[in-house]
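Protein chains: 2
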Amino acid sequence: MTPEQIRKDLASFGAFGKKGVGYHVAELVNNISQILGLDRKWNIAIIGVGHLGWALANYRNFASLGFHLAALFDQNPAIVGQLINGVDVLSVADLETTITSRNIQIGVIAVPAGEAQAVADRLVAAGVHGIWNFAPVRIRVPDDVQIVSEDLSVGLSTLSYHLRRQVP
Amino acid sequence: MTPEQIRKDLASFGAFGKKGVGYHVAELVNNISQILGLDRKWNIAIIGVGHLGWALANYRNFASLGFHLAALFDQNPAIVGQLINGVDVLSVADLETTITSRNIQIGVIAVPAGEAQAVADRLVAAGVHGIWNFAPVRIRVPDDVQIVSEDLSVGLSTLSYHLRRQVP
DNA sequence: TCGTGTGAATCCTTTCACAGCC
DNA sequence: GGCTGTGAAAGGATTCACACGA
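Protein chains in written order, with my numbering: chain D, 81 to 248; chain V, 81 to 248.
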C-alpha cells in the first residue's frame, strides 16, 4: 500500500496525524480501535466444541481484540462439563438462558453444516446481535443481525487460481 | 450482485453463454472450475495436527474442490502414527522426503505462530508451490511461492465494526 | 420477449501534486 | 526536509443502453 492510500483511508474517518510530524502510533492504534469498535468488550459464545470449536476456544488473540469467551456449548454429553481455556462447556439446552444471563452479543457457529441454520435461528431468537459462521453453508438471518462467514473454499480457490499455470 | 456485473466478470475470461438463452449451468460450472484451476488435482499436506489441523483434516469439501489430503505432520510422538480421515500422521522429520515422494504442491500451516515461519521455510525448500497459512503471523516466502493467509482477526473486526453502533 | 455480449456513460477509488506545518 | 491533509487528475469498475440471437 502507498502512503497516500493510507492517508486517504484514514481521512475518511477523521484527521489523526500532525502535519510535518506524522502519526503518534499509540494514539493512532487507539483511534483505529475505536473506529472498529475494538475499544469495547464483546462477549462471545462458541457453539460446537469439536476440533474446530476447540481450536477457536484456544485462540489467544481474542482477548487482545476485546473479545471475551463467555460460554461454550455442545450437545455431546461426553464434552459437556469439561473446562477449556478456563471456560466450562454447557449443554446446548442452556443456550437461550446463558446468552441472556452472560450478556452474550456474538455467537460463533462451529457445528456441522446441517445444524448451522438451526443454531443460528436459536442464537438470533436469544438476542445475539452478530454471528461468526464457520459452517460451510450460507446462513439466513434478519437484517439487523450481522453475519460474517469464514469460507475456507475461497482461500483454496485463490491458491489454486494462482498455481494453475505456474505448476506443471 | 447485478446481472450486468456477473456478465462483465465472466466476459473477462471469455463468452460462456448463449445469446437469448442464458448459461448452461453444468457447462458454466466446468468453465469456472477451469478458470480457478479446480479441474486439476492438488496434493496438500497439513503441518500441525492440533485441534485446528485435525479440524482441517476432516474438512469434507477438500475433495470436491480437487484437493487431496496427501499427508499430515506433527512433532508430538503421541500423535505420530495415528490415522485421521484415512491419512497417517508422520513426523515432521519426514517433511522434505514426503513432500517429494507424494508430490505435494500445497502446504497448510496449522502450527503455533512461533514455528510458522520455520515450517514455511522448510516447505518452500522442499519444493512446495503454495502455502495456506492459519498461524496468526505474516509469513515471508519467495515471489514464486503463492501464499494465502486466513486471518481470523479480520472477521472479528468486521463484526465488531458493524455492531459498534447497533449494540447498546 | 428474454437473456447474453459489449461499447458508452457514470461512478468511485487511487494516484498525483502541492499547500501547510513542525 | 519530511510528513500530513486534500483538491485535481487519472485510472478502474460498475451501470446503462442497446444490438443480437433463440
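Just so it is clear, CB atoms sit at the ideal spot from N, CA and C, and this is done for glycine as well. These numbers were taken from a predicted model, which means no experiment stands behind them.
- Listed by position along chain V, the residues whose Cβ is nearer than 7 Å to that of D/R244 are G117.
- Taking each of V/L145, V/I127, V/Q197 and V/I211 in turn and checking the Cα distance to V/L170, the smallest one comes out for V/I127.
- Between the region 187-201 of chain D and the region 220-228 of chain V, the count of Cβ pairs shorter than 8 Å is below three; the stretches do not touch.
- The CB of D/G94 never comes closer than 7 Å to any CB in chain V; the least such distance is about 15 Å.
- In this structure, V/V172 lies near V/D154, with their beta-carbon atoms less than 8 Å apart.
- For the region 191-203 of chain D, the set of residues with a beta-carbon nearer than 8 Å to any beta-carbon of chain V is empty.
- In this structure, DSSP gives V/L149 an extended state, which the three-state scheme calls strand.
- Assignment of beta strand (DSSP E) within the region 152-215 of chain V, counting only whole runs of 3 or more residues, yields 167-171, 186-189 and 210-213 in chain order.
- The beta-carbon of V/V169 is placed no less than 8 Å from the nearest beta-carbon of chain D.
- Contact between V/W212 and V/I184 does not hold, since their C-beta atoms are separated by about 12 Å, which reaches or exceeds 8 Å.
- Of all residues in the region 120-132 of chain D, those with a C-beta nearer than 9 Å to a C-beta of chain V are R120, W122, I124, G130, H131 and L132, reading in chain order.
- Rounded to whole angstroms, the separation of the alpha carbons of D/V247 and D/V204 is 45 Å.
- Assigned with DSSP and collapsed to three states, D/A95 falls in coil, not helix or strand.
- Linking V/H209 to V/S144 through their CA atoms gives a straight-line distance of about 21 Å.
- Comparing C-alpha distances from D/A135 to each of V/P216, V/G161, V/A106 and V/D89 shows the shortest one belongs to V/P216.
- Relative to the Cα of V/Q197, the nearest Cα in the group V/F96, V/I227 and V/A95 belongs to V/I227.
- In the DSSP assignment, V/G102 is bridged to V/K98.
- Using a Cβ-Cβ cut-off of 8 Å, V/A150 does not count as an interface residue toward chain D, since no Cβ of chain D sits closer than that to its own.
- Distance from the CA of V/G133 to the CA of V/E230, rounded to the nearest whole angstrom, comes to 13 Å.
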